[in-house]
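For the sequence shown, our numbering begins at 18 and goes up steadily by one. Where a beta carbon is used, it is the ideal one built from N, C-alpha and C, also for glycine. First comes the structure, then the notes that go with it.
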Amino acid sequence: MLELSGSENRALLTRDTELHSRAKQKCGISSLLVQDGDVLRQLNQVRQHYGLVFPKEPEAVRCSVCNGTLELVSIEDILRSLEINKLRTKGVDIEKFIQRYPHFYKCSQCSKIFWKGQHWRNMVNKTRLLSEGH
Ligand SMILES: [Zn+2]
């Protein structure tokens, strides 16, 4: 893990005190010791430490599967996608679905499709609370 952080010039986020001090002292890797068990508090700690602003649009977010970048894709692309076919076989009304979520995003690397569903709204609401300093 230390080797990877060093070679890819990434910051290490860990709750492991030993790993944290090894990264800092021996390898000169930027490391942050994450302190609290709650995910939102952890996010807030990372945000404050690095002075980050949480993105409001999916284009600025990475794919949760492979860390690839997301791009806005057309409805035609979406209708041909594997995810939509899966929903279709589950009996989801695709026309309604597309009306409800007008914007779809595709990972440039693994082609996974994303849309602003409940999960996205939850995340935006929570990170907004954090950004406002609650
Ligand atoms: Zn991906």
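- Separation of L96 and V63 (C-alpha to C-alpha, rounded to the nearest whole angstrom) is 37 angstroms.
- Every residue whose beta carbon comes nearer than 6 angstroms to a heavy atom of ligand 1 appears here in chain order: C80, V82, C83, G85, C124, Q126, C127, K129.
- The three-state secondary structure of R64, taken from DSSP, is helix.
- Here C124 carries a strand assignment [DSSP, helix/strand/coil].
- According to the DSSP assignment, L89 belongs to no alpha helix (DSSP H) but to the beta strand (DSSP E) extending over 87-90.
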